[in-house]
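Colleague: Taking this note's numbering as reference, the numbering of the first sequence is continuous, increasing by one, and the terminal residue is 1188.
All residues carry an ideal CB built from backbone N, CA and C; glycine is no exception.
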Amino acid sequence: MKVYLTELFRNTSEKLEYLKGMTPILNVPNNPEHGDFSTNLAMLLTKQLKRNPREIAKEIIEALDVDPNVISKVEIAGPGFINFYFNPVFVTGIVNDIIKEKSNYGRSEKYKGKKAIVEFVSANPTGPLTVGHGRNAVFGDTVANMLEWIGYSVDREYYFNNAGRQMRVLGNSVRLRYMEILGEKIEFPEDHYQGDYIKDIAKKLVDDYGNALIDEPAEGKFKDTAEREIFKDIENTLSRIKINFKNYFNENSLYETGKISELLETFKEKDLSYEKDNATWLKLTELGNEQDKVIVKSTGEPTYRLPDIAYHRTKFERGYDLIVDIFGSDHNATYPDVLAGLKSLGYDVSKIKVLIHQFVTILDKGEVVKMSTRKANFITLDELIDEVGPDVVRYFFNMRSIASHLNFDLELAKTQSDENPVFYLQYAHARISSILKMTKENDLECSTDNLNLLTTLEEQNLLKKLYQFSGEMLYDSENFESHSIASYLEELAALFHRFYTQCRIIGTEKKLAEARIALCIAVQIVIKNGLTVLGLEAPERM
RNA sequence: GCACCCGUAGCUCAACUGGAUAGAGCGUUUGACUACGGAUCAAAAGGUUGAGGGUUCGAAUCCUUCCGGGUGUACCA
């Protein structure tokens, strides 16, 4: 529908000089009395033309070459909106398209041939994933799905650091628990990892090696085993919510392959860095930033900026057209330095999209639960999945805009999991499966020969909603707004349930019944495609 | 102090990116099948969009000043 209108306006711009180069903004009005599509074009032109908007609207409408088989009515409303009403018979045509394309319906090839990388989760292996990581994980994976849906070839990447202080502390935490199990008296420092999973890893080491590791340093077997076990755990958790990474990128490899020293060298050559107080500084003030930042400390150790810049440099070197980073809001101060560094090297940083999501606040009985991996008072993502199931977890994190803080009430999640909107969507899908089974038993087939019989309000509303799917998916994907897909599907499901209570299939005239079956199938396909992008199951029965 | 995000119905959140009467779910109240799945549908109540000022045909949305919450603000990652 929208495509038709855009085309219509383009053709009209020949007649009206002032329409040249204008692409009208076409909206679906909130109020159905305002038509199926609406544009504010005339109002935007008032200033330029210094004329009454309604007068301009009138002139535009007269110039439009409208096909009555497509559009049944065009009118001027309010201060100067132009409203379009589509011909009900034309609207039914969407069912054909959907049934023809099935699981490909709504895809776009706009970005075909382009390569994208989405980096997300990227939690260091110091403990199990928490509910907080869940939002990052689910959102990142959904973004990747959306990009694939509009044509990108997408790599999912997990960046981690298994060196540094955190990991030494982790190794030592395991070592101490190991000694403890062997009967040594130990002091367990407060800043060490308190979680029970540390004890489990220590126990495994006792089982496998007995007391042979007593003289082993914390950073040897202890750290290595902890890292391996924790990663196994993380991968396992992620796969439960259908997340699988193509790459795990180890920060350490940047040192091993010489990327770090290479980068330092480049900064030096290009005169982008300097030495001061024994440290190496990056000249960011020259790029308009507030202050220069240290990239190598006086101790000779790099700060996080250097490997981060080197890492992102590899993304450019690997030839990605779109580079997406999913971070929690605690990173909001760090990435600008990294971008500035890359920009100074001449990379096109507009290819990088940094998506910052706000934190998840966990509420238990109305109280905010402060979580920390070290203190082990967190709720793991695994526990949450156990409690409510993978689909509810995925849906919950996709329901909200990432810009807003998310309150997660544990009690509510547990007790009301049956009321979660995800079931509403899945129920619509399952219900259609059931209807199709039942109609088959009544010797009714799907037929698209008489779609023009679909004229009731409920049918027309449903059809128009189906028309919006492709555009919705493209827009949401380009703008990384997975929550809008969720809203769209909820609205579609609601329109379907309404249709279903008003319009019977079995017992009505055969031609109409078979057209309605076609409509049901179309709705089912669209729901399934939407659920698939969100990473959810589309069940045949519940 | 400074930077970024947020403040919308009792609660959790939307709002087509500046559009027409600000919408959903939960909760509350009231209805609907001898029915293809009641995990459904229909209806009611619920709002000074944190507050003030500005920009314009038009503001929850943009600008500005406050108020409140979150996250940062290192030669930690």
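Hey, how far is the Cα of D967 from the Cα of G904?
Modeller: If I take the Cα positions, the gap works out to 24 Å.
Colleague: Which residue from G780, L1001 and I1171 puts its Cα closest to that of R1040?
Modeller: G780
Colleague: Check whether the Cβ atoms of L952 and K989 lie closer than 9 Å to each other.
Modeller: no
Colleague: Could you tell me which residues DSSP puts in a beta bridge with A596?
Modeller: Outside the displayed range of the chain (647 to 1188) lies residue 596, so it cannot be described from this structure.
Colleague: Quick one: what's got a C-beta closer than 6 Å to S684's C-beta in the same chain, skipping five residues either side?
Modeller: N673, P675, F727 and N729
Colleague: Helix, strand or coil for S718 per DSSP?
Modeller: Three-state result, S718: strand.
Colleague: For P835, does the count of other Cβ atoms within 10 angstroms reach 16, so buried, or fall short, so exposed?
Modeller: exposed
Colleague: What do you get for A858, buried or exposed, if any count of 16 or more other CB atoms within 10 angstroms of its CB means buried?
Modeller: Label assigned to A858: exposed.
Colleague: In terms of alpha-carbon separation, which member of A1139, T1102, N1125 and S1128 lies closest to L1112?
Modeller: A1139
Colleague: CA-CA distance, P1185 and E1087?
Modeller: 21 Å
Colleague: At which residues does the alpha helix (DSSP H) containing F1145 begin and terminate?
Modeller: Looking at the DSSP string, the run of the alpha helix (DSSP H) that includes F1145 is S1128 to Q1148.
Colleague: Using 10 angstroms around the beta-carbon of H1051, count the other beta-carbons present and answer buried if the total reaches 16, otherwise exposed.
Modeller: exposed
Colleague: Taking the continuous alpha helix (DSSP H) assigned at E794, which residues delimit it?
Modeller: V777 to W795
Colleague: Per DSSP, G974 forms a beta bridge with which residues?
Modeller: H1003
Colleague: Excluding the 5 residues preceding and the 5 following Y664 in the sequence, name in chain order all residues of the same chain whose CB lies nearer than 8 Å to its CB.
Modeller: L691, Q694 and L695
Colleague: Drop a sphere of 10 angstroms on the beta-carbon of R1162, count the other beta-carbons inside from all chains shown, and report buried for 16 or more, exposed for fewer.
Modeller: buried
Colleague: Can you say whether G992 is buried or exposed, counting buried as having 16 or more other CB atoms within 10 angstroms of its CB?
Modeller: exposed
Colleague: Taking T931 as the reference, give the member of D976, Y894 and D983 with the closest Cα.
Modeller: Ranking the options by Cα distance to T931, first place goes to D983.
Colleague: What residue from K746, I998, N657 and P725 has the CA that sits closest to S1093's CA?
Modeller: Among K746, I998, N657 and P725, the Cα nearest to that of S1093 is on K746.
Colleague: Between which residues of its own chain and E653 is the CB-CB distance below 7 Å, once the five residues before and five after are set aside?
Modeller: Here the set comprises nothing.
Colleague: How is the alpha helix (DSSP H) around V1038 delimited, first residue to last?
Modeller: P1036 to N1044
Colleague: Just tell me which of L1090, N935, H680 and D870 has its CA closest to the CA of G1153.
Modeller: L1090
Colleague: If you reduce the DSSP assignment to three classes, tell me which class D846 lands in.
Modeller: D846: helix per DSSP, three-state reduction.
Colleague: Which ranges would you report for the alpha helix (DSSP H) in the segment 915 to 975 if only whole runs of at least 4 residues count?
Modeller: 951 to 963
Colleague: Between the beta-carbon of G782 and the beta-carbon of F973, is there less than 9 Å?
Modeller: Per the sequence shown, residue 782 should be read as Asn rather than Gly. Result yes, Cβ atoms of N782 and F973 sit closer than 9 Å.
Colleague: Residues in the same chain with beta-carbon distance under 7 Å from K961, minus the five sequence neighbours each way, listed in chain order, please.
Modeller: I763 and I969
Colleague: Across the segment 810 to 823 and the segment 750 to 760, are there enough close Cβ pairs to call them in contact, namely three or more that are closer than 8 Å?
Modeller: no
Colleague: Check this for me: beta carbons of R802 and F891, under 9 Å apart or not?
Modeller: yes
Colleague: Who are the near neighbours of L909 in its chain, counting only those whose CB is closer than 6 Å to its CB and skipping five residues on each side?
Modeller: Listed in chain order, the non-local C-beta contacts of L909 below 6 Å within the same chain comprise A956, local neighbours out to five positions each way being set aside.
Colleague: Look up V712 in the DSSP assignment and say whether it is helix, strand or coil.
Modeller: coil
Colleague: Does the Cβ of G987 have 16 or more other Cβ atoms within 10 Å, making it buried, or fewer, making it exposed?
Modeller: buried
Colleague: What does a CB cutoff of less than 7 Å around P699 pick up in its chain, not counting 5 residues either side in sequence?
Modeller: A688, M689, T692, P725 and G726
Colleague: Do I1008 and T883 count as a contact pair if the criterion is CB distance below 9 Å?
Modeller: no
Colleague: Taking all protein chains shown into account, decide if V649 is buried (16 or more other Cβ within 10 angstroms of its Cβ) or exposed.
Modeller: exposed
Colleague: What's the gap between the Cα of D1122 and the Cα of E915?
Modeller: 43 Å
Colleague: Cα-Cα, which of E1029, G797, P771 and R1187 is closest to I880?
Modeller: P771
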